[in-house]
Every structure is written in structure tokens, then in C-alpha cells.
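Worksheet for the structure shown next.
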Amino acid sequence: FICGAIHFPTSPQEFKSFAKASKNVAHRIGKYFTALLVFSLAFLVGGFSHGHIFLLSDNRHYTFYVWKNWLGKSWFHRASVVPFYAFFAWLTFSKMAKRRSQ
């Protein structure tokens, strides 16, 4: 989410470009491999995301409430953020590529 904080706000064109790029990747490497990759990432994020004791003990910051009210509830809640991770990773790399080519 740090990448999202750096690059947000984005334009609707970037959302369309991400959708097109993800469709191209799925077509290029295969739908089954893409599904395997998405489920693997969801398993890794959902299964290995743990709340640190300092995160859970300080209710003055928004991360405490994000963990308490969403991410800490179940495996599914933690895995549901994988599409956001993918979007912000793509957004970061695409913006870096644009800046490098200038």
C-alpha cells in the first residue's frame, strides 16, 4: 500500500491500462498458470500475514484499525487485498518505466 500512497490519485486511464495489461499477461502465459499464480499469492498473503504486537497494541494509528476491523478477521480478509497489491505493483513499475524513458 505504500506504492499506492505514493502514486495515488491515478487517472481512470491507468485503471483501464492495468485491466488491459493483466488481460494480456493472462493470455500470454495462460489462464491456468495465471489462476495458479493468483491463488498462490492469495495463499501466501493470507497464510503468512501476522499482526505484530506493536501494531496491535497502539490504537492511535489507522493501521491498528485496518488490522482490527479487516485484515485480522480471517484468512479470506487478508487474501482479499492481493488485487490491490498487484495493481499498485504494476502502477509503480509502469511509472518507473515512464520516468526512465524520459
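Here this note's numbering is used: the first residue of the sequence shown is 887, the next is one more, and so on. We put the CB at the ideal spot given by N, CA and C, even for glycine.
Do you know how far the Cα of residue j is from the Cα of residue i?
i    : j    : result
T949 : F934 : 17 angstroms
V924 : S908 : 12 angstroms
K906 : P898 : 13 angstroms
S987 : F940 : 41 angstroms
A921 : V911 : 11 angstroms
S960 : F979 : 30 angstroms
F919 : A972 : 16 angstroms
K984 : V952 : 32 angstroms
State the DSSP-derived secondary structure class of residue i, mapped to helix, strand or coil.
i    : result
S960 : coil
S987 : helix
S908 : helix
V931 : helix
S897 : coil
From this set, the options, which residue's C-alpha is nearest residue i's C-alpha?
i    : options                : result
S926 : S966, A983, K981, F979 : S966
F904 : R985, Q988, K981       : K981
L942 : V931, W956, G932, L930 : W956
S970 : A921, L922, A928, R914 : One point to set straight first is that residue 970 is Phe, not Ser, in the sequence displayed. Residue A928 is the option with its Cα nearest to F970.
L930 : K954, R946, Y951, V968 : V968
Evaluate residue i with the Cβ neighbour count: other Cβ atoms within 10 Å of its Cβ, from every protein chain shown; 16 or more gives buried, anything less gives exposed.
i    : result
F974 : buried
R964 : buried
L977 : buried
Please tell me whether, using a cut-off of 7 angstroms, the distance from the CB of residue i to the nearest non-hydrogen atom of the ligand PLP is below it.
i    : result
A905 : With respect to small molecules bound, the structure shown includes none, and the ligand PLP cannot be examined in it.
Output yes or no for whether 8 angstroms exceeds the beta carbon distance between residue i and residue j.
i    : j    : result
F901 : G932 : no
G958 : G937 : yes
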